[in-house]
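For the sequence shown, counting from 1, position 72 maps to 64 in our numbering; every step adds exactly one. Heads up, the thing below is written out as structure tokens.
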Amino acid sequence: MIDPEFRKGGTGTRPTLSRAMVLLLAVTCGAAVANIYYAQPLLPVVSEALGVSAGAGGLIVTASQIGYALSLALLVPLGDVLERRRLVSGLLALSAVALLGAAASPSLGALYASVALVGVTSAVAQIVVPMAASLAADHERGAVVGTVMSGLLIGIMLARTVAGVLAEFGDWRLVFVFAASVMVVLAVTLRLVLPLVPPAAKTPYPRLLHSVATLVRTESLLRRSMALAAVGMGAFTVLWTASSFLLAGPTYGYGPAVIGLFGLVGVVGAAGASVAGRLADRGRARQVTTGGLIVLTGSWGVLVLAGRGGPLGLGALMIGIVALNLAQQALLISHQSVLYRRVPHARSRVTTALMVSAFAGSTVASALTAALYPLVGWAGVSGLGALIALAGLAIWSLELLRPSPAEPLAGPSANENAHAAGWPGSESPSAWTSSPGAPTSTPGMRERWASPPSADGSCWPPRTW
-7 MIDPEFRKGG
3 TGTRPTLSRA
13 MVLLLAVTCG
23 AAVANIYYAQ
33 PLLPVVSEAL
43 GVSAGAGGLI
53 VTASQIGYAL
63 SLALLVPLGD
73 VLERRRLVSG
83 LLALSAVALL
93 GAAASPSLGA
103 LYASVALVGV
113 TSAVAQIVVP
123 MAASLAADHE
133 RGAVVGTVMS
143 GLLIGIMLAR
153 TVAGVLAEFG
163 DWRLVFVFAA
173 SVMVVLAVTL
183 RLVLPLVPPA
193 AKTPYPRLLH
203 SVATLVRTES
213 LLRRSMALAA
223 VGMGAFTVLW
233 TASSFLLAGP
243 TYGYGPAVIG
253 LFGLVGVVGA
263 AGASVAGRLA
273 DRGRARQVTT
283 GGLIVLTGSW
293 GVLVLAGRGG
303 PLGLGALMIG
313 IVALNLAQQA
323 LLISHQSVLY
333 RRVPHARSRV
343 TTALMVSAFA
353 GSTVASALTA
363 ALYPLVGWAG
373 VSGLGALIAL
383 AGLAIWSLEL
393 LRPSPAEPLA
403 GPSANENAHA
413 AGWPGSESPS
423 AWTSSPGAPT
433 STPGMRERWA
443 SPPSADGSCW
453 PPRTW
């Protein structure tokens, strides 16, 4: 079956996505998103070096995430309308420039501005994910997305380790220089080896952004997924922002190198991404979401014990890190896999909606954590993380109590556009495939499913899981 993105691009065939290419895309995702996490284990060191309070230093992470969220909203949708090899390599090059600016920052204000620009360019990771989904075959799309997202999580975790080691034996500025060099290498490599990836649609930029809002407004499944993405990333950010202060404080007294090593513990949770993707390919995304939320909530009951220190506290911290990272990845992958299959013509825009929500939650969580930790300590921010997880359970309980309709639905505007364009089958949306595993042997049915009636992506396939 031919992906509609390549049907529109005029090639008529799907480029081959080898295992080596999947791994390269995973590395790119991890390296790009790592740029906004290098600062987390450095917060105490940077705050001391620049002569600012711990609360002000903690906002370095917030600044980078604000830039990241803005880029998710304004740049990532371009992945549906621009040739992605050029877009990806160009953003990686710009990221290298922004990272060098962070390394040369003479003051906290200049560092805020630089890391915000780093956040903007690091959103290239979320252009790579839907690109990988477009290149993958239908039966393996969840597994491919899971592998690429595993790279993203590993990048986040290893960013802490790399930053801690470089800061311990060099200087915190060296961390940003190292990150810039990685971006240059990846920009050149991808420009040389990445196949041309034609755009999925030809849509004016204002209409492109408006179509994201249309998807959010008309599709309840996407809205629930966005809320849960915010919950997962919010809990994730509370843990990693607060843990730097806990481990550097009097309870443990660790230096940057040791603090960074805790990122290796989080890498264990990366295995959950590929497993969640494979389960989603088998139609079990709903169970993955339920299990992820339960584990996410329970992890905070373990993490709160880390504040006691000693072997018990250290063990609780490690177990809690693994559990929380596993849960957060399971939540995100289950939603991405389902939505990418349902909306093949607007994957970058779906990614925009999900990730803007996720990093809006992350930004709010990092700001709250930086403000609350000096006042309430580890136990207080653990309570904040538990409340965020409980909110996720409440949101998901609505789906369990009132499941989405089983029949495929499309918004009125989509039907109007379909009729105006004379799109086949527009008079009968119920003829579409109702689930990822449903048969598609009826003549013309695959074409109806794959070819959207409008370029702005306002027509959505089924709302249920």
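In this text, a Cβ means the ideal position worked out from N, Cα and C, and glycines have one as well.
C-alpha distance - residue i paired with residue j, whole-angstrom precision
| i | j | result |
| --- | --- | --- |
| L367 | L213 | 38 Å |
| A319 | P33 | 22 Å |
| G375 | V296 | 8 Å |
| A96 | F168 | 9 Å |
| Q307 | S10 | A quick correction: the sequence has Gly, not Gln, at residue 307. Distance between the alpha carbons of G307 and S10 is about 39 Å. |
| V356 | A205 | 21 Å |
| L492 | R152 | No statement about residue 492 is possible, as the shown extent of the chain runs from -7 to 457 and does not include it. |
| L84 | A108 | 15 Å |
| L239 | R341 | 39 Å |
| A473 | S56 | This structure does not reach residue 473, given that the chain is present from -7 up to 457, and the question cannot be answered. |
| P196 | E75 | 15 Å |
| V185 | M123 | 15 Å |
| P336 | A171 | 33 Å |
| G305 | G247 | 17 Å |
| L182 | P303 | 45 Å |
| A102 | A159 | 20 Å |
| R300 | L201 | 48 Å |
| T281 | V137 | 16 Å |
| M360 | V260 | What sits at residue 360 in the sequence shown is Leu, not Met. Each residue's Cα considered, the two are about 27 Å apart. |
| A234 | V80 | 32 Å |
| S389 | R339 | 26 Å |
| S126 | V294 | 39 Å |
| R199 | P242 | 54 Å |
| V157 | V250 | 8 Å |
| S63 | S203 | 17 Å |
| G224 | L379 | 12 Å |
| I313 | V121 | 24 Å |
| V68 | A90 | 18 Å |
| P98 | Y104 | 11 Å |
Cβ pair residue i, residue j closer than 7 Å
| i | j | result |
| --- | --- | --- |
| T139 | A26 | no |
| L166 | G255 | no |
| L145 | T113 | no |
| M175 | A115 | no |
| V257 | M310 | yes |
| M141 | I325 | yes |
| A272 | S329 | yes |
| V53 | W164 | no |
| R77 | L188 | yes |
6 Å Cβ shell around residue i - same chain, five flanking residues per side excluded
| i | result |
| --- | --- |
| G377 | A227, V230, W292 |
| G93 | S106 |
| A155 | Y30, P33, L34, V167, G252 |
| G403 | Since pLDDT at G403 reaches only 35, below the 50 mark, its modelled position is unreliable, and no value is offered. |
| A322 | G264, A268, V280, G284 |
| A315 | V287, S291 |
| M13 | none |
| G429 | Since pLDDT at G429 reaches only 38, below the 50 mark, its modelled position is unreliable, and the value read off the structure follows with that caveat. Cβ within range, chain order: G275. |
Own chain residues within Cβ distance below 8 Å of residue i, not counting five before or after
| i | result |
| --- | --- |
| R215 | V208 |
| S173 | A88 |
| L220 | T281, L285, L323, H327, G384, I387, W388 |
Cβ distance (whole Å) where residue i is taken to contact residue j below 8 Å
| i | j | result |
| --- | --- | --- |
| S236 | L382 | Between L382 and S236 the Cβ distance is about 24 Å, and since that is not below 8 Å, they are no contact. |
| A352 | A222 | 6 Å |
| R133 | R274 | Their Cβ separation, rounded to whole angstroms, is 12 Å, which puts R133 and R274 out of contact at 8 Å. |
| T289 | L385 | 6 Å |
| I58 | G111 | 7 Å |
| G71 | I119 | 4 Å |
| K194 | V73 | 6 Å |
Cβ-based neighbour list, residue i, same chain, cut-off 7 Å, excluding 5 preceding and 5 following
| i | result |
| --- | --- |
| W232 | Q32 |
| L178 | T20, A23, L84 |
| L100 | L42, V44, A48 |
| A371 | V296, G299 |
| A65 | T344, V348 |
| A61 | V348, F351, A352, T355 |
| L364 | G372, V373, L376 |
Inside the segment 135 to 206 only - alpha helix (DSSP H) runs reaching at least 4 residues:
164 to 185
Just to confirm the assignment: which complete alpha helix (DSSP H) runs, minimum length 4, are found wholly within the segment 32 to 94?
35 to 42, 46 to 66
Those runs of the alpha helix (DSSP H) which lie wholly inside the segment 208 to 241 and span at least 4 residues:
212 to 240
Which whole runs of the alpha helix (DSSP H) in the segment 276 to 300 are 4 residues long or more, in chain order?
277 to 295
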